[in-house]
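Q: Sharing a structure with you now.
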Amino acid sequence: MNGMNHKEGVQFRRRFIQAGMFSLFKISAAINGAALLVVVYFLVSRGWRAINWTFLTQPPVDSMTKGGILPCIVGTLCLAIGAIAVALPIGVASAIYLNEYARPGRIVRIIRLGINNLAGVPSVVFGLFGLAFFVVYLDMGVSILAGSLTLGALTLPVIIGSTEEALRAVPDTYREASLGLGATKWQTIYRVVLPAALPGILTGTILGISRAAGETAPIMFTAAVFYTPSLPTSIFDEIMALPYHIYVLATAGTDIEATRPLQYGTALVLIVLVLGLNLIAILYRSRLRKKR
444 MNGMNHKEGV
454 QFRRRFIQAG
464 MFSLFKISAA
474 INGAALLVVV
484 YFLVSRGWRA
494 INWTFLTQPP
504 VDSMTKGGIL
514 PCIVGTLCLA
524 IGAIAVALPI
534 GVASAIYLNE
544 YARPGRIVRI
554 IRLGINNLAG
564 VPSVVFGLFG
574 LAFFVVYLDM
584 GVSILAGSLT
594 LGALTLPVII
604 GSTEEALRAV
614 PDTYREASLG
624 LGATKWQTIY
634 RVVLPAALPG
644 ILTGTILGIS
654 RAAGETAPIM
664 FTAAVFYTPS
674 LPTSIFDEIM
684 ALPYHIYVLA
694 TAGTDIEATR
704 PLQYGTALVL
714 IVLVLGLNLI
724 AILYRSRLRK
734 KR
């Protein structure tokens with residue numbers, strides 16, 4: 444009887460701990476969801492009045508107290524797409540090397556440690572690096588190219604880490620079966636491992652897009668300017684961007700209180716733009732998972 448009571452007591456404690464941890468996770472998820480809803484409600488309630496066709500299709504006018512934000516929208520899209528175009532191939536290639544080719548050892552551990560440390564570096568440090576290296580040393584000037592390269596460096600650690608995790612999640616039996624059928628190692632990676640890991644790779648891409656589109660510090664040194672009404676025609680053009688435009692309106696505008704609705708409207712457009720880019724990537728990822 445004592446043995447049975449002890450066993451029941453252990454099982455009860457395990458169930459109690461499990462229920463407590465699940466409740467903690469649910470509360471954490473609820474808090475995060477509630478915080479998101481509060482932020483979205485705050486922006487929508489204060490910014491929806493500023494959203495109209497003129498606001499979305501015209502450049503700012505009258506010292507940026509009127510008009511629209513079309514150059515900012517185009518500039519943000521250019522920077523986000525440019526950053527992913529830079530970071531995605533380099534990040535995926537680096538992760539493939541580290542996970543599939545590199546021999547475990549001290550050098551690989553040091554590289555992974557450096558990648559993890561880069562993921563925690565403040566974005567303003569990347570901005571200063573981009574200013575010193577791309578803008579000044581390589582003489583790119585304040586341009587889309589310099590900003591995209593800086594944002595690409597910023598998002599690179601996130602993409603490398605998520606891609607490595609996705610590659611590790613692919614069962615080794617996939618590789619063994621492919622090699623057993625006579626495929627080379629590269630054919631196995633290209634035709635078997637990467638397609639299986641692609642949904643996980645897209646997860647890192649989604650995080651990279653979100654971070655690239657919403658950063659202010661890196662682009663204020665490398666790509667964004669206070670005001671330019673024309674749309675970019677070259678990767679060497681300077682641009683306006685939504686995050687920097689919000690910063691300018693809120694801190695350095697000619698009439699900050701008069702532009703308050705424009706600030707909230709611009710922030711709302713930025714949120715919708717980031718969510719839209721994420722939604723496209725999520726839908727594509729879901730489609731890939733259904734095909735598997």
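All residue numbers for the sequence shown refer to our numbering, where the first residue is 444 and numbers rise by one.
Ideal placement from N, C-alpha and C gives every residue a C-beta, glycine not left out.
None of these values were measured; they are calculated from a predicted model.
1. Can the beta-carbon of A660 be found less than 7 Å from the beta-carbon of S586?
2. Measuring CB to CB, does I553 end up less than 7 Å from P600?
3. Relative to the C-alpha of L720, which residue among F577, L520, S466 is closest?
4. Less than 8 Å between the CB atoms is what I'm expecting for E658 and P675, so what's the real figure, rounded?
5. Quick check: what's the CA-CA separation for A477 versus F485?
6. I'd like the list of long-range same chain contacts for G595, defined as Cβ closer than 6 Å, with 5 residues on each side in sequence excluded.
7. Verify whether the separation of the beta carbon atoms of I714 and L588 is less than 7 Å.
8. Report yes if the C-beta distance between L574 and F664 is below 7 Å; otherwise report no.
9. Looking at the structure shown, is F494 part of a helix, part of a strand, or coil, going by DSSP?
10. Looking at T694: is its Cβ nearer than 7 Å to the Cβ of T508?
11. Quick check on I682: does DSSP put it in helix, strand or coil?
12. Whole alpha helix (DSSP H) runs in the stretch 622-685 with 4 or more residues, listed along the chain?
13. What did DSSP end up calling P514 once you bin it into helix, strand or coil?
A: Let's see:
1. No, the pair does not count as a contact, with Cβ atoms beyond the cut-off.
2. Not closer than 7 Å, so no.
3. Nearest option by C-alpha distance: L520.
4. Between E658 and P675, the beta carbon gap of about 18 Å keeps them out of contact (Cβ cut-off 8 Å).
5. Distance between the alpha carbons of A477 and F485 is about 12 Å.
6. Cβ neighbours of G595 within its own chain (closer than 6 Å, five residues either side excluded): A526, V529, A530.
7. Not a contact, by the Cβ cut-off of 7 Å.
8. Contact check for L574 against F664 passes: the beta carbons are separated by less than 7 Å.
9. The identity of residue 494 in the sequence shown is Ile, whereas the question assumes Phe. Residue state, collapsed to three classes: coil.
10. Not a contact, by the Cβ cut-off of 7 Å.
11. Here I682 sits in strand by DSSP.
12. Whole alpha helix (DSSP H) segments, 4+ residues: 628-631, 637-657, 660-665.
13. In this structure, P514 counts as helix in the three-state DSSP scheme.
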